Amino acid sequence: MDEQQLALRVYRWAKRKKFKPGTTLQLLTLGLGIPIERPIIPDIRFDLNMRDADALLSFRFDVRGVVKLTSLLGVPNVVITSCRDRVCGVEAMCVLLKRLRYPISYYDLIATFGRSREQLCRIFNYMVQFVYDRWKSVIYCNTKIVRSRIGQYAAAVHSKGAPLDRVWAFPDGTKIESCRIRATSNGAEGLNLQKRIYSGHKRKYCLNFQGLTTPDGLCVHFFGPLEGSRHDVALLRVSKLQEFFENNSDIFDGYYIYGDPAYPTLKWIISGCKGNNLDESKELFNCAMSRVRQGVEWNFGRLKSLWGFITHKMQQNIMLSNVGTVNNGGYQSSTYFALVPPTLEEYLVLVD
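For the sequence shown, the residue numbers in full-length UniProt numbering are 1 to 352.
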């Protein structure tokens, strides 16, 4: 059988099986023994010796900041992935930052790092998991920062016009859009995952995350993900934030977090007055508290603008990529309350 006949038979068989064009082409390539073309990997090695202006645009940090961040996060000098890819710790951090900065493909990173797409993917996934595993307790709630600054937080909120003088933080949820998943998936028999992640309110497929923002702009608590169909109150319950406050009552006793009227009023939580026909005093209370609460919305907006990767739904492939881990992390942005945030060393609980 000559090559033309073989190619024709493979094509007809693939068409009958309704394979995608890319799969059909791959079958033809393998069947005819044609070498598969791969992207050319340039013979270069990554070098952080660049101008700070270029580093800021590429990694959101200047050169000194990248090196400092690598050291403070405890990244090893040599990172070795499960597939034995070896890479310098600073280079691995740059792969993580550049990938999160904007929704680019691994092919776009080849020219910068001189590595294959597969290598870059493994390095990125390793770094995401490493940072989360090492700092997940700080991401969930940075108790050391809260203990030392909770009084300042409450005073800053009150001085900005809030009628309450014991409110120290503001909870809120945000939705990260994702790809539409199949109705069922391996390991989730009987569950309509497509329906569970669909938000009827936002009319999109997404995952829920919860943040707790303080007046200095820090997100001292971050939790998620939860299915997009769930309410913020469900996210609050699943996060066990109330139980955490109870177990650390020596820190939080006498202080409260303030949420919008959708949140319940509990021991540690105060919410806005509910109802359509509120009297003047309740309306004034809601208005005053909503003005000081707007900082939490700024934080979520700043997070999504700085790290554009998480806003690109085509990159958020549930069951195929580590969506929940990528989106987890603390952040700082707002100066609305004129309260200086702690240093990175203080935030990571590395200094007293």
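Beta carbons are placed, not taken as given, at the ideal position from N, Cα and C, and that holds for glycine. In this text, all values refer to a predicted model and were calculated from it rather than measured experimentally.
Evaluate residue i with the Cβ neighbour count: other Cβ atoms within 10 Å of its Cβ, from every protein chain shown; 16 or more gives buried, anything less gives exposed.
i           : result
Cys83       : exposed
residue 355 : In this structure the chain extends from 1 to 352, so residue 355 is not present and cannot be described.
Asn247      : exposed
Pro261      : exposed
Ile40       : exposed
Val78       : exposed
Pro225      : buried
Gly272      : buried
Asp54       : exposed
Gln5        : exposed
Leu57       : exposed
Lys208      : In the sequence as displayed, the identity of residue 208 is Asn instead of Lys. Asn208 comes out buried.
Asp232      : buried
Leu109      : buried
Arg149      : buried
Arg86       : exposed
For residue i versus residue j, is the C-beta spacing smaller than 8 Å?
i      : j      : result
Leu235 : Gly151 : no
Tyr106 : Arg117 : yes
Thr112 : Phe46  : yes
Cys206 : Ser178 : yes
Gly114 : Asp43  : yes
Arg101 : Arg60  : yes
Phe130 : Arg293 : no
Lys202 : Lys175 : yes
Pro215 : Tyr153 : yes
Pro103 : Phe309 : yes
Leu69  : Met93  : yes
Arg196 : Ser249 : no
Val157 : Val349 : no
Could you check the C-alpha separation between residue i and residue j for me, to the nearest Å?
i      : j      : result
Val95  : Pro341 : 27 Å
Asp52  : Gly259 : 40 Å
Pro163 : Ala155 : 11 Å
Thr213 : Val66  : 25 Å
Ala14  : Thr23  : 8 Å
Cys141 : Val63  : 29 Å
Gln210 : Ile181 : 22 Å
Met289 : Tyr198 : 31 Å
Phe222 : Tyr347 : 14 Å
Ala338 : Arg147 : 19 Å
Lys144 : Trp168 : 15 Å
Lys282 : Ile269 : 17 Å
Asp279 : Val128 : 50 Å
Ser266 : Arg166 : Residue 266 is actually Leu in this sequence, not Ser. Spanning the two alpha carbons is a distance of roughly 14 Å.
Gly74  : Arg134 : 8 Å
Thr81  : Glu91  : 13 Å
Leu97  : Val220 : 21 Å
Trp307 : Asn299 : 12 Å
Leu218 : Leu72  : 18 Å
Asn277 : Leu344 : 46 Å
Leu241 : Gly254 : 16 Å
Asn286 : Glu243 : 27 Å
Val326 : Arg237 : Note that Val326 has pLDDT 46, beneath the 50 cutoff, so the model's placement of it is unreliable and the number below is only indicative. Between Val326 and Arg237, the C-alpha separation is close to 22 Å.
Gln26  : Arg38  : 13 Å
Gly200 : Leu193 : 14 Å
Glu227 : Pro264 : 20 Å
Leu284 : Tyr132 : 42 Å
For residue i, report the span of its alpha helix (DSSP H) as first-last.
i      : result
His221 : No alpha helix (DSSP H) holds His221; the beta strand (DSSP E) holding it covers 219-227.
Arg115 : Per DSSP, Arg115 belongs to no alpha helix (DSSP H) and is neither H nor E.
Asp232 : 232-239
Arg149 : 143-159
Gly200 : Unbroken run through Gly200: none, as it is neither H nor E.
Phe59  : 52-59
Leu48  : It is not in any alpha helix (DSSP H) - Leu48 carries neither H nor E in the DSSP assignment.
Arg196 : 193-196
Tell me the residue span of the beta strand (DSSP E) that contains residue i.
i      : result
Asn208 : 204-213
Val292 : Run containing Val292: none in the beta strand (DSSP E); it sits in the alpha helix (DSSP H), 280-293.
Tyr347 : Not the beta strand (DSSP E): Tyr347 falls in the alpha helix (DSSP H), residues 344-347.
Tyr256 : 256-259
With H, G and I counted as helix, E and B as strand and the rest as coil, what does DSSP make of residue i?
i      : result
Ile251 : helix
Ala169 : strand
Ile104 : coil
Asn327 : Confidence at Asn327 is low in this model, with a pLDDT of 47, below 50, so its placement is unreliable and the value that follows should be read with caution. The answer is helix: DSSP assigns Asn327 an H, G or I state.
Gly74  : coil
Val87  : strand
Gly275 : coil
Thr24  : helix
Thr174 : strand
Ile181 : coil
Ile40  : coil
Val63  : helix
Val95  : helix
Val138 : helix
Val79  : strand
Would you verify that the beta carbon of residue i is, or is not, closer than 8 Å to some beta carbon of chain D?
i      : result
Gly161 : Within the model displayed, chain D is absent; a lone protein chain is all it includes.
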